[in-house]
Amino acid sequence: MKVTLKIWRQKGSNDKGSFKTYQHDHVSPDMSFLEMLDVLNTDLIKKGEDPVHFDHDCREGICGMCSLYINGHPHGPLQTTTCQLHMRSFKDGETITIEPWRAKAFPVIKDLVVDRTAFDRIQQAGGYVSVNTGGVPDANEIPIPKKIADEAFDAATCIGCGACVAACKNASAMLFVSAKISQFALLPQGKPERKERAERMVAQMDAEGFGACTNTKACEAECPKGISVTNIARMNREYYSSVISSYEWQVGGGE
Amino acid sequence: MAWFTKFLSSTLGRKLLVALTGIFLILFLAVHLAGNLQLLKDDGGKSFNIYAEFMSTNGLVQFISKGNFAFILLHAVVALLLTVKNRNARGTERYAVSSSKSSIWASRNMGILGTIILLFIVIHLKDFWAQMHFGAVPVVDYDGKQVRDLASLVDLWFAKAWYVGVYVFCMGALAFHLWHGFESAFQTLGLNHLKYNAVISFVGRAFAIIVPLLFALIPIAMFFDF
Numbered sequence: 001m002k003v004t005l006k007i008w009r010q011k012g013s014n015d016k017g018s019f020k021t022y023q024h025d026h027v028s029p030d031m032s033f034l035e036m037l038d039v040l041n042t043d044l045i046k047k048g049e050d051p052v053h054f055d056h057d058c059r060e061g062i063c064g065m066c067s068l069y070i071n072g073h074p075h076g077p078l079q080t081t082t083c084q085l086h087m088r089s090f091k092d093g094e095t096i097t098i099e100p101w102r103a104k105a106f107p108v109i110k111d112l113v114v115d116r117t118a119f120d121r122i123q124q125a126g127g128y129v130s131v132n133t134g135g136v137p138d139a140n141e142i143p144i145p146k147k148i149a150d151e152a153f154d155a156a157t158c159i160g161c162g163a164c165v166a167a168c169k170n171a172s173a174m175l176f177v178s179a180k181i182s183q184f185a186l187l188p189q190g191k192p193e194r195k196e197r198a199e200r201m202v203a204q205m206d207a208e209g210f211g212a213c214t215n216t217k218a219c220e221a222e223c224p225k226g227i228s229v230t231n232i233a234r235m236n237r238e239y240y241s242s243v244i245s246s247y248e249w250q251v252g253g254g255e
Numbered sequence: 001m002a003w004f005t006k007f008l009s010s011t012l013g014r015k016l017l018v019a020l021t022g023i024f025l026i027l028f029l030a031v032h033l034a035g036n037l038q039l040l041k042d043d044g045g046k047s048f049n050i051y052a053e054f055m056s057t058n059g060l061v062q063f064i065s066k067g068n069f070a071f072i073l074l075h076a077v078v079a080l081l082l083t084v085k086n087r088n089a090r091g092t093e094r095y096a097v098s099s100s101k102s103s104i105w106a107s108r109n110m111g112i113l114g115t116i117i118l119l120f121i122v123i124h125l126k127d128f129w130a131q132m133h134f135g136a137v138p139v140v141d142y143d144g145k146q147v148r149d150l151a152s153l154v155d156l157w158f159a160k161a162w163y164v165g166v167y168v169f170c171m172g173a174l175a176f177h178l179w180h181g182f183e184s185a186f187q188t189l190g191l192n193h194l195k196y197n198a199v200i201s202f203v204g205r206a207f208a209i210i211v212p213l214l215f216a217l218i219p220i221a222m223f224f225d226f
């Protein structure tokens, strides 16, 4: 297979980037998209050029590290992560445009690598549960219906890759934040922080400069893990009740 | 009250305002349509005029109408604030290639559709509401009762083909706005439930088709003198 690659090249976060076109003649349909870029980079290194920088880690579709906005879709034309996308999804001779995630809250570090630590800060704001010291609790001590556990698990499958932000015309992070809120809101283990969690995480999301959801549902269609916008409705409920009833206590609790 | 102002300036607080005012405006549309449909009655505009006279003089209706104006403005202003925030959230660099197949057209163009509707409301208020309240509308006598003949004014405007065209076009924009807006309002309120989603979706889409269609049929019918 032969493909033409239009890749966004940018030296650093403060530099101006532009597209550069590469002709790639050694592509096998069995290659993953990232392997195809590896081959391109090997060629570039041999020629003494700067290789294309892109994020990747597990290459098994579970870590959320890979990104890339390919031909107008985060993670490319299939509903999967870029590492699980293969070149057989493209036509011989096709021109493939590769861009980084575009969001103010995800500044470009270099080429196709963006800084997604905004997600970490949202998690730190409220995406945790209290685990007190003591003996190991019995695994089945707290009864949780299977359906609820599954629903929470579905929300927890969010790998935090940021495809929802990339797909959203408003660069809104609400699918990510709602999945993280849902996985705790559904379970009894999430109850201690429940009243403050949504309020804190939404406040952090706003502070990071993400947009507001306009319910286009593009995120749901592009999410490699199929996270549903039902979670966004749940986040809204959690947030409204959180805002109305949080911080009723007078003691500081060490804060 | 700092928590409350903070809430209303958060993205979700603003979305809530847009959703709640949107639902009020949906109810308003239904009431407005019920009144307008009386124009199709073959009684020389009598029942419409009596209804219009009641609506423009009744204290409670006038009170709700002031609220309605405020909600229209609030809906538009808060949506505009959100749109500005959303545009900034994308950053300075836009995507070179971007696919649209993952969302419906109306959902991506609510701002444009809303602007068309807002312009329509301004024209509409100038031509009818302002005439009724501050203009000189001829008076008719119904069994000794003096009633302003708004129907004749409507007749005058709806005899102009371009005016009917603009009216019908704006109702088309309204239909698309409602197609996304109705369902979207419920999602924003957090009212997303497998038991009721199908009902909300069906009612929303039926409302988005039927209401603007009936609104648009009135000037068409009056233009062709059905």
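Sequence order for the protein chains is A and B.
If you read the first sequence in the numbering used here, its first letter stands for residue 1, the second for the next number, and so on.
If you read the second sequence in the numbering used here, its first letter stands for residue 1, the second for the next number, and so on.
Idealized CB from N, CA, C, for every residue including glycine.
Count the other CB atoms, across all protein chains shown, that sit within 10 Å of the CB of residue i; report buried if there are 16 or more and exposed otherwise.
i: S182 (chain A); result: buried
i: G13 (chain B); result: buried
i: G190 (chain A); result: buried
i: S184 (chain B); result: buried
i: R274 (chain B); result: For chain B, the structure presents residues 1 to 226; residue 274 (chain B) sits outside this window and is missing.
i: K85 (chain B); result: buried
i: N215 (chain A); result: buried
i: N235 (chain A); result: Before going on, a small fix: residue 235 (chain A) reads as Met here, not Asn. It counts as buried.
i: S178 (chain A); result: buried
i: M1 (chain B); result: exposed
i: H180 (chain B); result: buried
i: Y70 (chain A); result: It is Ile, not Tyr, that sits at residue 70 (chain A) in the sequence shown. Classification of I70 (chain A): buried, given that the 10 Å Cβ count is 16 or more.
i: A218 (chain A); result: buried
i: G76 (chain A); result: buried
i: P262 (chain A); result: Any question about residue 262 (chain A) goes unanswered here, given that chain A covers just 1 to 255.
i: A159 (chain B); result: exposed
i: A166 (chain A); result: buried
i: D111 (chain A); result: buried
May I ask you to list the residues that DSSP assigns as paired with residue i?
i: Y69 (chain A); result: A:P74 and A:E99
i: I7 (chain A); result: A:K20 and A:I98
i: G35 (chain B); result: In DSSP, G35 (chain B) forms no bridge with anything.
i: G274 (chain A); result: No answer is possible for residue 274 (chain A): the residues shown for chain A start at 1 and end at 255.
i: S32 (chain A); result: A:H86
Ignore the nearest five residues each way along the sequence and tell me which others in residue i's own chain have a CB closer than 7 Å to its CB.
i: F200 (chain A); result: In the sequence on display, residue 200 (chain A) carries Arg and not Phe. Cβ within range, chain order: A125 and G126.
i: Q123 (chain A); result: K180
i: S56 (chain B); result: M132 and H133
i: F71 (chain B); result: T21, F24 and L25
i: A76 (chain B); result: G114 and L118
i: L34 (chain A); result: H56, R59, C66, T82 and C83
i: L74 (chain B); result: L17 and T21
i: Q204 (chain A); result: R121, I122 and A125
i: H26 (chain A); result: V39
i: A221 (chain B); result: L40
Can you find the residues in the same chain that come closer than 8 Å, C-beta to C-beta, to residue i, ignoring five residues on each side of it along the sequence?
i: Q38 (chain B); result: S47, F48 and Y51
i: W105 (chain B); result: F176
i: D149 (chain B); result: G45, N49, V137, P138, V139 and V140
i: N109 (chain B); result: F176
i: L8 (chain B); result: R14 and L17
i: Y142 (chain B); result: K46, N49 and I50
Cutting at 6 Å between CB atoms, please list the residues of its own chain near residue i, excluding the five before and the five after it.
i: G204 (chain B); result: F182 and E183
i: F120 (chain B); result: C170
i: V168 (chain B); result: A216
i: E193 (chain A); result: none
i: L82 (chain B); result: R14
i: A156 (chain A); result: Q183
i: F128 (chain B); result: none
i: G111 (chain B); result: T83
i: E302 (chain A); result: The structure shown does not extend to residue 302 (chain A), since chain A is modelled only from 1 through 255, so no value can be given for it.
Using beta carbons (cut-off 7 Å, strictly below), is residue i in contact with chain E?
i: H75 (chain A); result: Within the model displayed, chain E is absent; protein chains A and B are what it includes.
Practice task
Run through the segment 84–172 of chain A for me and flag every whole beta strand (DSSP E) of 3 or more residues, listed as ranges in chain order.
Solution key: 95–99 and 108–110
Exercise for the section: Note down, one range per segment and in chain order, each alpha helix (DSSP H) of at least 4 residues found wholly within the segment 123–190 of chain B. Expected result: 130–134, 150–157 and 161–188
Problem - Inter-stretch contact at 8 Å, needing at least 3 Cβ pairs: the segment 148–166 of chain A / the segment 55–74 of chain A - result: yes
Exercise for the section: State whether the segment 130–137 of chain A contacts the segment 41–49 of chain A, with contact taken as three or more CB pairs (one from each stretch) at a distance under 8 Å. Expected result: no
Problem - Three-pair Cβ contact test at 8 Å for the segment 140–150 of chain A versus the segment 217–233 of chain A - result: no
Problem - Meets three-Cβ-pair contact criterion under 8 Å: the segment 229–239 of chain A and the segment 78–92 of chain A - result: no
Exercise for the section: Evaluate contact between the segment 190–203 of chain B and the segment 231–246 of chain A, counting only Cβ atoms and requiring at least three cross-stretch pairs below 8 Å. Expected result: yes
Exercise for the section: Kindly confirm or deny that the segment 100–107 of chain A and the segment 201–215 of chain A touch, where touching means at least three C-beta pairs closer than 8 Å. Expected result: yes
Exercise for the section: Count the C-beta pairs between the segment 18–36 of chain A and the segment 2–10 of chain A that are closer than 8 Å, then say yes if the count reaches three, no if not. Expected result: yes
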